[in-house]
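Below is one structure, written out as structure tokens; the observations come after it.
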Amino acid sequence: MTTDLVAAPHKRQAHGLKRAIERFPFLPALIILVALLVLNGVYQPRSVSFVGITGLVKTYLALMLLAVAQTYVIYAGDIDLSAGAIVSLVNVTIITAMTALGGDTGAVIAGLGIGLAVGLACGVVNGIVVAALRLQAIVATFATSIFFTGLALYVMPVAGTPAPTAFWRTYGGRILDIPFVLYAVIILAVLLVVLARTKLAVRLLSVGDDQQAAYQSGLPVTRIRLQGYALCGLFAALAAFCITGDTASGDPLVGGKMTLNSVAAVVLGGTALAGGFGTVTGSVIGALIIGLIGSLVFFVGTPSEWQNLVQGVAILMALMAGILVGRRARR
Amino acid sequence: MSTVEPTATKRFSFMDILKAPLLIAIALIIALLLLGEYLSPGFASGQQILRLLIVAALMGIVAAGQNLVILGGREGIDLSVGGVVSLAAIIAGNLMGGENSGIVLAILGCLAAGAIVGAINGIGVTLLRIPPLVMTLGMLGVLQGLLVVIRNGIPSGRAAPGLSQFVTQPVFLGLPGIIWLWIVIGLAMAFLLGRTMLGYRIYAIGSNEQAAFMAGMPVKTTRILLFVLSGMFAAIAGICLLGYTGSSFANVGEQYMLPSIIAVVFGGTALSGGKGGYTGTMAGATLLTVLQSILTTVNIDESGRQMVFGATLLLLMLFYGRGKALRA
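This is the structure:
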């Protein structure tokens, strides 16, 4: 667009909020997050206590991870509508595998390995159809989502098989008196920082910024997009581990509803849907915003039948506000 | 202006009918019908084909609005159609309450609801410049919440006998009313896109918004109108769906959200906008319906059905609009 060309020389002179958002695109989301935390605290003081926050993280860690997964493909200007179906498939696969292997610690670890492999395989399939076969990402990943859901139904036709006790006890339990999920969050944070410093993250962003330019400067565009989808599959598998730990049972349709929420979380976090601009930190914050809006709607005493509507309107407002603020700052 | 793309000066002519994606879709429909007849004799009987066309018409009417929004370009897409279909079905059921006398009021009420939702989408997309995917995704969440509220307050309502008859029983020349309605919508869309100023504007905006704006076209108004029309088409489909099922149930419209986009793609319309038309989409909707129907006929598990469906969709997509290879 012409506006970009004109704006570029001035970028360096931008100051204050503009420069801050330029460097940290998730700032508007962070402000919304803090505001939501304060509001939650006002209406239900216990919700911002250590136990309250831990509970929130435990419930929404899966969405955070799926939002991160979605971010890597959106970086490159793609989208993955099968992310939720991958979660479902990994969920039923690991439970079936763990149960078949006996359900002890060794079986759990083996099951997790199998789950990562399944997630990776799904991601590679998506990468092949979108990047190598050049199908439209929206419709092609919808088609693969139907396929993955079919596979999940094949592995486990009806919901309800319980997860091995060793698995969900660990996820919901404590190590050295600190909840397990907090370790998971710290590991996730380190992982994200490391990944953000890799060549792949930069390459995904440059492909999303201008595919043609990336290609002409010698980047293997097809391979990079495929790697983005593979990474997405791996993180979707991690999301599946969390949801399995949280629900402690298998459900071949458990992730379906999460797909669109993961996209919303990414957008809430200030990442551009068109690609080329964004952060995974923002997506994590976006997932927490979705969770906090849900709990706030509950804490202010909204009648139960109105909760979904108020939540829907609040998320729409947050999406719009984030995009408007982010754009104003970047201009 | 001698280098204008042929699609930009599209005329409603016989040549339109020979567009390649349309031919592919029709050939595939015939092939699938033959396959269905082979797998389960009676699949391609007159009665069955009529039933298939009724289901296809429901999908096709939703896809009409989706088609317009996609043609308008700038990553145009409407994810809220599923919510509007559900909303219209419940509004219609309550406004008519099983009485023929309430049909007119129900139609007006649903069209108004669809238009309002579409207008909000359109305003968000144009005036606030929210990407269509985000705007309509957020709207979908709002509509799903609204449905919960409505459902808690009032019973789901029933279709008027007149409406059910219109949708399922032959009314003229042995064809049910909904198929006539679909034909009329098809002709109206071909006329709109090929013969009217609005149609030219849609293609112009979809292929080059900047140029259309420079040429003095009301870009924003036109795009808002496209979203309004999308909401209204989804509302019409919701009313017909109520007539087809008799009473509405939760999230009945969700099954149309992404498939309506696939129907448009199978009809040869590019998701990037500015290229394509509705005639192909009608064939695309029929193709999708026949495919789904075959899979319910053959005796396999739900899991196998879904896997075959997903894989077939991918295979069919290879025929349509693959992206250009990158070249230096």
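Those sequence lines, one after another, are chains A and B.
Its first residue numbered 1, the first sequence is counted upward by one per residue in my numbering.
Its first residue numbered 1001, the second sequence is counted upward by one per residue in my numbering.
C-beta: ideal position from N, C-alpha, C; glycine also.
### Message
Just to confirm, is the Cβ distance from glycine 208 of chain A to alanine 110 of chain A under 9 Å?
### Response
Taking C-beta atoms as the reference points, glycine 208 of chain A and alanine 110 of chain A fail to come closer than 9 Å.
### Task
Verify whether the separation of the beta carbon atoms of phenylalanine 299 of chain A and asparagine 40 of chain A is less than 9 Å.
With contacts defined by Cβ atoms closer than 9 Å, phenylalanine 299 of chain A and asparagine 40 of chain A form a contacting pair.
### Query
Is the CB of lysine 11 of chain A under 9 Å away from at least one CB in chain B?
For lysine 11 of chain A, the predicted model reports a pLDDT of 46, less than 50, meaning its position is unreliable; a value from the coordinates is still stated below. Cβ-Cβ to chain B under 9 Å: no for lysine 11 of chain A.
### Residue environment, asparagine 1100 of chain B, which counts as buried when at least 16 other CB atoms sit within 10 Å
Asparagine 1100 of chain B comes out exposed.
### Query
Whose C-beta lies closer than 7 Å to the C-beta of alanine 8 of chain A among residues of the same chain, with five residues either side of it excluded?
For alanine 8 of chain A, the pLDDT reaches just 42, beneath the cut-off of 50, and the residue's location in the model is therefore unreliable, although a value from the coordinates is still provided. Close CB contacts of alanine 8 of chain A within its chain, under the 7 Å cut and outside five residues either way in sequence, are absent.
### Query
Exposed or buried, what is asparagine 1299 of chain B when buried is set at 16 or more other beta-carbons lying within 10 Å of its beta-carbon?
Burial call: exposed.
### Message
Considering just the uninterrupted stretch of the alpha helix (DSSP H) at phenylalanine 1172 of chain B, what are its terminal residues?
### Response
First-last for phenylalanine 1172 of chain B: 1170 to 1172, but that is the beta strand (DSSP E), not the alpha helix (DSSP H).
### Query
Taking 9 Å as the CB-CB limit, is leucine 1318 of chain B close to chain A?
At least one CB of chain A lies nearer than 9 Å to the CB of leucine 1318 of chain B.
### Helix, strand or coil at arginine 1158 of chain B [DSSP, three-state]
In this structure, arginine 1158 of chain B counts as strand in the three-state DSSP scheme.
### Query
Name the chain B residues that come within less than 8 Å of alanine 333 of chain A, Cβ to Cβ?
Residue 333 of chain A lies beyond the range of chain A shown here (1 to 331); nothing can be said about it.
### Message
For the pair the segment 83 to 97 of chain A and the segment 233 to 250 of chain A, tell me if three or more CB-CB distances fall below 8 Å.
### Response
Contact holds between the segment 83 to 97 of chain A and the segment 233 to 250 of chain A, because three or more Cβ pairs, one in each stretch, are under 8 Å apart.
### Query
In this structure, what does DSSP give as the bridge partners for serine 1247 of chain B?
Looking at the DSSP assignment, serine 1247 of chain B forms a beta bridge with B/Arg1158.
### Unbroken alpha helix (DSSP H) run spanning proline 244 of chain A, endpoints
Position check: residue 244 of chain A holds threonine in this sequence, whereas proline was assumed. Its alpha helix (DSSP H) spans residues 221 to 247.
### Query
Quick one, are the C-beta atoms of methionine 1096 of chain B and alanine 1237 of chain B less than 9 Å apart?
No Cβ-Cβ contact shorter than 9 Å links methionine 1096 of chain B with alanine 1237 of chain B.
### Cβ shell of glutamine 311 of chain A (< 7 Å), same chain only, five flanking positions each side left out
So the qualifying residues of the chain are Ile293, Gly294, Val297.
### Query
Mind pulling the chain B residues with CB within less than 9 Å of proline 157 of chain A?
Scanning chain B for C-beta atoms nearer than 9 Å to the C-beta of proline 157 of chain A yields Asp1301, Glu1302, Ser1303, reported in chain order.
### Query
Assuming phenylalanine 180 of chain A and arginine 174 of chain A make a contact with CB atoms under 8 Å, what is their CB distance in whole Å?
With a Cβ gap of about 7 Å, phenylalanine 180 of chain A and arginine 174 of chain A count as contacting.
### Task
With methionine 295 of chain A as the anchor, note down where its alpha helix (DSSP H) starts and where it stops.
Checking the sequence, you will find serine at residue 295 of chain A rather than methionine. First-last of the alpha helix (DSSP H) with serine 295 of chain A: 280 to 299.
### Message
Distance cutoff 9 Å, beta carbons only. Does valine 1219 of chain B sit that close to anything in chain A?
### Response
Cβ-Cβ to chain A under 9 Å: no for valine 1219 of chain B.
### Query
Among the residues of its own chain, which have a CB less than 8 Å from the CB of isoleucine 341 of chain A, if the five just before and after it don't count?
Outside the displayed range of chain A (1 to 331) lies residue 341 of chain A, so it cannot be described from this structure.
### Task
Compare the C-beta of glycine 275 of chain A against all C-beta atoms of chain B and say whether one is closer than 9 Å.
By this cut-off, glycine 275 of chain A is not an interface position.
#### Entry: Within chain B, partners of leucine 324 of chain A - CB distance below 7 Å
What leucine 324 of chain A touches in chain B: Leu1128.
### For isoleucine 79 of chain A, three-class secondary structure by DSSP
Note: isoleucine 79 of chain A maps to coil in three-state DSSP.
### Query
Going along chain A in order, which residues have a C-beta closer than 7 Å to the C-beta of methionine 1139 of chain B?
By Cβ distance, chain A contributes Leu316.
### Task
For leucine 1291 of chain B, verify whether its CB is less than 8 Å away from any heavy atom of the ligand MN.
No copy of the ligand MN occurs in the structure displayed, which carries no ligand at all.
### Message
What does the alpha-carbon distance come out to for the pair glutamine 216 of chain A and valine 266 of chain A?
### Response
Distance from the CA of glutamine 216 of chain A to the CA of valine 266 of chain A, rounded to the nearest whole angstrom, comes to 29 Å.
### is_contact[asparagine 308 of chain A, chain B] using C-beta, thresh 9 Å
With respect to chain B, the C-beta atom of asparagine 308 of chain A has a partner C-beta closer than 9 Å.
### Query
Is methionine 1214 of chain B closer than 9 Å to glycine 1065 of chain B when the C-beta atoms are compared?
Remark: C-beta atoms of glycine 1065 of chain B and methionine 1214 of chain B do not approach each other more closely than 9 Å.
### Message
Taking the alpha-carbon of arginine 169 of chain A as reference, which of A/Ile323, A/Val108, A/Val42, A/Phe277 has the nearest alpha-carbon?
### Response
By alpha-carbon distance to arginine 169 of chain A, the top candidate from A/Ile323, A/Val108, A/Val42, A/Phe277 is A/Val108.
#### Entry: Whole-angstrom distance between glutamine 1047 of chain B and threonine 271 of chain A, CA atom to CA atom
Spanning the two alpha carbons is a distance of roughly 51 Å.
#### Entry: Where alanine 140 of chain A meets chain C, residues with beta-carbon distance less than 9 Å
Among the chains of the structure shown, chain C does not appear; the protein chains present are A and B.
### Task
Could you say if the segment 1258 to 1273 of chain B and the segment 1120 to 1131 of chain B meet the contact criterion of at least three C-beta pairs nearer than 8 Å?
No, the segment 1258 to 1273 of chain B is not in contact with the segment 1120 to 1131 of chain B.
### Query
Can you list the residues of chain B that glutamine 311 of chain A reaches, using a CB-CB cut of under 8 Å?
For glutamine 311 of chain A, the C-beta contacts it makes with chain B under 8 Å involve Gly1141, Gly1145, in order along the chain.
### Query
Going along chain A in order, which residues have a C-beta closer than 8 Å to the C-beta of glycine 1157 of chain B?
Within chain A, no C-beta atom comes less than 8 Å from the C-beta of glycine 1157 of chain B; the nearest is roughly 17 Å away.
### Message
Quick check on leucine 1271 of chain B: does DSSP put it in helix, strand or coil?
### Response
Looking at leucine 1271 of chain B - three-state DSSP - the assignment turns out to be coil, as it is neither helix nor strand.
### Query
According to a CB-to-CB cut-off of less than 7 Å, which residues of the segment 213 to 240 of chain A neighbour chain B?
Within the segment 213 to 240 of chain A, the qualifying residues are Tyr215, Gln216, Val221.
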